[in-house]
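Number of protein chains: 2
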Amino acid sequence: MKLSKNIINCKSCVYRNLLYEMLSSAEYEKVNASRTEIIFGRGELIINEGDEINDFLYLRKGLVKMFKTNSHGKDHILSINKPGDFINLLSIFSKDEQQYSVTALEETHVCSVKLSTIIELLKGNSEFALRVMNRMSYIADEIIQKRFEISQRQVKGRVAYMLRFLSEQIYHRGDFRMPITRRELGELISMTTENTIRTMSEFRKDGIIDMDGKNIQIIDFGRLRKVCEMG
Amino acid sequence: MKLSKNIINCKSCVYRNLLYEMLSSAEYEKVNASRTEIIFGRGELIINEGDEINDFLYLRKGLVKMFKTNSHGKDHILSINKPGDFINLLSIFSKDEQQYSVTALEETHVCSVKLSTIIELLKGNSEFALRVMNRMSYIADEIIQKRFEISQRQVKGRVAYMLRFLSEQIYHRGDFRMPITRRELGELISMTTENTIRTMSEFRKDGIIDMDGKNIQIIDFGRLRKVCEMG
DNA sequence: GAATGCGTATGACATATTTCATAAAATCAA
DNA sequence: TTGATTTTATGAAATATGTCATACGCATTC
C-alpha cells in the first residue's frame with residue numbers, strides 16, 4: 001500500500017459524473033483537498049471488517065473482492081467490485097465499523113475522502129445528497145439481486161452465472177483471465193472448491209468453455225446461457 | 232385494501248423518531264397533507280414488482296413478506312418486515328419501478344407519502360436527508376447480513392436461524408404463531424417445502440420445539456442455538 | 001536441488017437434499 | 001355442510017453436493 005504519485009484532479013476523473021457532477025468549484029476543491037489516492041498491490045487488504053469508518057472510499061482502478069469471515073473462519077465473498085464502485089458506501093451512514101472486508105485482486109487504486117468532508121457537503125448540497133442516495137440504492141439493489149440469482153440456482157447454474165458475470169459485466173469479452181482462484185469462486189457462489197473445479201472441468205469437456213489455468217475462453221455462449229437459466 | 236378511518240398524525244406516531252424527528256412543524260404538515268394510511272388484509276398484494284414507484288411507503292402495523300418471482304414462476308422471499316420498516320426505500324432513489332413485491336401476512340397498515348413530497352423535503356432539510364441515508368444503509372445491511380447468514384448454513388441451521396429470528400426479532404417470545412406457511416418458510420431460506428416440514432418435525436421429535444399447526448413453542452433454546460450455530 | 005505450500009484436478013464414497021408418491025388435516029368457497 | 005383446494009406430513013428412491021484421499025505442476029524458500 002502506498003500513496004499514488006500521480007494524483008488526478010477529481011474534475012478530470014472519469015467517474016466524476018457518478019457522484020460529483022453537481023458540486024460547485026468550491027465544493028470540488030474541498031473534496032480534492034481532503035482526498036488521497038492509495039495504491040494496493042494484489043492480495044493486499046484494503047478494508048478489514050471491524051475497522052473504524054473514517055473515510056469514504058471508491059475504486060478508481062483495479063478489482064477487489066468484498067467478503068465476510070464467518071465464525072468458523074470461512075470466508076464468503078459478497079461481491080466483486082470494479083472501478084467506479086463505492087466500496088463502503090452501504091455501511092457509512094448507519095455503522096461506525098466496517099461491516100465487510102475488502103481485498104485487492106489486482107493492483108488497485110482507491111480514492112479516499114474524509115467522511116467528515118462528505119457529510120459537510122451533503123448538508124450543504126441537496127442535489128449531491130440525492131445523488132449519494134441514488135448510488136446507495138443502486139449498490140444495495142445490485143448486491144441483493146446477485147445473491148437472489150445465486151441462491152435459486154444449483155452448482156452448474158451458479159458457475160455459469162458467475163462466468164457470464166465476469167465475461168459480460170467485468171471484462172466485456174469472451175476470453176479473460178480469472179481474477180480469483182477456484183476456491184474464491186466457490187466462496188462467491190456458496191459451494192466447495194472441489195465442486196467448483198469439477199463443474200468447470202465439466203464445462204470444458206462439454207465444449208462450453210476452454211481453460212488453461214486462470215485463462216478462460218467462453219466457446220459456446222448459447223449453452224452457457226442455457227445452463228445459467230436452467231438453474 | 233381500504234383507507235384507514237382512524238388516521239393518526241405523524242407527530243404522535245411511535246415511528247416518528249425513525250425518520251421525521253428532525254422536521255419542522257411546517258414540514259410535518261407537508262408530510263401529513265400528502266399522506267394516506269392504507270389497510271391491507273391478510274394475503275393482499277401491497278406492492279407488485281414492476282409497479283411504478285410514486286410513493287414512499289412504510290409499515291405502521293402488521294407484517295409483510297418482500298419477495299421476487301423468478302423466471303420459472305417460483306417465489307423467493309427476501310425478508311419479513313415489521314412495523315417501522317420502510318418497504319420500498321431501497322429502490323426509491325435509483326429505479327422507476329418496484330424491484331420487489333410485497334404481500335401482507337396479516338392485517339397491515341401502510342403509510343404512504345408522495346415521493347415528490349419526500350424529495351422536496353430532502354432538498355430542503357439535510358438532517359432529514361442524512362436520516363434517510365441512515366435508514367437505507369441500515370436496511371441494506373440487514374438484508375445482506377441475513378442472506379449471508381442463510382447462505383452459509385445447511386437446512387437444519389437455516390430453519391433454526393429463522394425460528395430464532397421469528398422468536399427473537401419479530402415476536403420477542405418463545406411461543407408464537409407462524410406468520411407464514413412451511414412453503415413460504417422454504418422460499419425464505421432456499422429449500423423445498425418437504426424438507427422444511429421434515430426439518431421442523433425433526434426438531435419436534437428432538438424436543439427442541441413443540442408444534443401444533445402454525446403454533447410454535449421453542450422448548451430448548453440452548454439446542455436451537457447450537458443447531459443454528461453449527462450450520 | 002530439496003522441501004514446502006498452494007492451486008488445480010479427479011475418483012470414490014458419504015451425506016444432504018430434492019423429487020415423486022401418497023395421505024390426513026386444515027382452510028376456504030359455495 | 002359439502003366439496004375443492006391448500007397445507008402439513010412421511011417414506012422411498014433419485015440426484016446433488018460434500019468429504020476425504022491422492023496426485024501433479026508450479027512457485028517460493030531454505
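Residue numbers (this note's numbering), protein chains in the order written: chain A, 1 to 231; chain W, 232 to 462. Virtual Cβ for every residue (Gly too), placed ideally from N, Cα, C. If you're wondering where the values come from, they're calculated on a predicted model, not measured in any experiment.
Report the neighbours of residue i on chain W: residues whose CB is nearer than 7 Å to its CB, in chain order.
i               : result
Gln99 (chain A) : Asp372
Leu90 (chain A) : Ser368, Ala371, Asp372
Ile87 (chain A) : Here the premise fails: no neighbours, minimum Cβ distance about 14 Å.
Where does residue i land, buried or exposed, given buried means 16+ other C-beta within 10 angstroms?
i                : result
Lys68 (chain A)  : buried
Asn319 (chain W) : buried
Asp201 (chain W) : No answer is possible for residue 201 (chain W): the residues shown for chain W start at 232 and end at 462.
Gln329 (chain W) : buried
Gly62 (chain A)  : buried
His303 (chain W) : exposed
Ser398 (chain W) : buried
Ala264 (chain W) : exposed
Glu283 (chain W) : exposed
Asp85 (chain A)  : buried
Thr430 (chain W) : buried
Glu184 (chain A) : buried
Gln383 (chain W) : buried
Lys65 (chain A)  : buried
Gly186 (chain A) : buried
Lys226 (chain A) : exposed
Leu3 (chain A)   : exposed
Lys205 (chain A) : exposed
Glu338 (chain W) : exposed
DSSP three-state call for residue i: helix, strand or coil?
i                : result
Thr181 (chain A) : coil
Ser112 (chain A) : strand
Ile471 (chain W) : In the structure as shown, chain W begins at 232 and stops at 462. Residue 471 (chain W) is therefore absent and cannot be evaluated.
Lys233 (chain W) : strand
Asn9 (chain A)   : coil
Ile270 (chain W) : strand
Met461 (chain W) : coil
Ile447 (chain W) : strand
Ile284 (chain W) : coil
Ile439 (chain W) : coil
Ser201 (chain A) : helix
Leu336 (chain W) : coil
Ser463 (chain W) : For chain W, the structure presents residues 232 to 462; residue 463 (chain W) sits outside this window and is missing.
Tyr259 (chain W) : helix
Leu352 (chain W) : helix
Leu254 (chain W) : coil
Give me the chain W residues within the contact set of residue i, using Cβ-Cβ distance strictly less than 8 Å, ordered along the chain.
i                : result
Tyr28 (chain A)  : Under the 8 Å cutoff, chain W gives no residues; its nearest Cβ is about 19 Å from Tyr28 (chain A).
Ser126 (chain A) : Leu353, Lys354, Gly355, Ser357, Ala360
Which chain W residues are close to residue i, counting only those with a beta carbon under 9 Å from its beta carbon?
i                : result
Asn134 (chain A) : Phe324, Ser325
Applying a beta-carbon distance threshold of less than 8 Å, which residues of chain A neighbour residue i?
i                : result
Gln383 (chain W) : Asn70, Lys74, His76, Ser190
Ile270 (chain W) : Ordered by position in chain A, no residue passes the 8 Å Cβ test against Ile270 (chain W), which lies about 28 Å from the chain.
Give me the chain A residues within the contact set of residue i, using Cβ-Cβ distance strictly less than 9 Å, ordered along the chain.
i                : result
Tyr369 (chain W) : Phe93, Ser94, Lys95
Leu379 (chain W) : Looking at the sequence provided, one finds Phe at residue 379 (chain W) rather than Leu. Correct list: Lys68, Asn70, His76, Leu78, Arg147.
Ile278 (chain W) : The contacting residues do not exist; Ile278 (chain W) stays about 15 Å from chain A at best.
Under 7 Å between beta-carbons, which chain A residues line up against residue i? List them in chain order, please.
i                : result
Ile411 (chain W) : Residues of chain A passing the Cβ test: none, with the nearest at roughly 17 Å.
Ile428 (chain W) : Here the premise fails: no neighbours, minimum Cβ distance about 20 Å.
Touch test, the stretch 37-56 of chain A against the stretch 113-122 of chain A, Cβ-Cβ under 8 Å, three pairs minimum: A contact exists between the stretch 37-56 of chain A and the stretch 113-122 of chain A.
Stretch-stretch touch, CB-based, cutoff 8 Å, three pairs: the stretch 361-374 of chain W with the stretch 403-422 of chain W: Output reads no: the stretch 403-422 of chain W does not touch the stretch 361-374 of chain W.
Every unbroken alpha helix (DSSP H) inside the stretch 123-198 of chain A [4 residues or more]: Restricting attention to alpha helix (DSSP H) runs no shorter than 4 residues, the stretch 123-198 of chain A encloses them at 126-151, 155-164, 182-189, ordered along the chain.
Within the stretch 58-103 of chain A, ranges of the beta strand (DSSP E) (whole runs, at least 3 residues): Taking only runs of at least 3 residues, the beta strand (DSSP E) segments lying wholly in the stretch 58-103 of chain A are 64-69, 75-81.
Validate contact between the stretch 156-175 of chain A and the stretch 208-221 of chain A using beta carbons, cut 8 Å, 3 pairs: Contact between the stretch 156-175 of chain A and the stretch 208-221 of chain A is present, because at least three Cβ pairs lie under 8 Å.
Inter-stretch contact (C-beta, 8 Å, three-pair minimum) for the stretch 254-261 of chain W and the stretch 349-366 of chain W: Taking one beta carbon from each stretch, the stretch 254-261 of chain W and the stretch 349-366 of chain W have 3 or more pairs nearer than 8 Å; the two touch.
Segment contact flag, the stretch 155-167 of chain A with the stretch 188-198 of chain A, C-beta cutoff 8 Å, min 3 pairs: The stretch 155-167 of chain A vs the stretch 188-198 of chain A: in contact.
Any 3 or more C-beta pairs closer than 8 Å across the stretch 272-283 of chain W and the stretch 330-337 of chain W: Yes, since at least three Cβ pairs between the stretch 272-283 of chain W and the stretch 330-337 of chain W fall closer than 8 Å, the two stretches touch.
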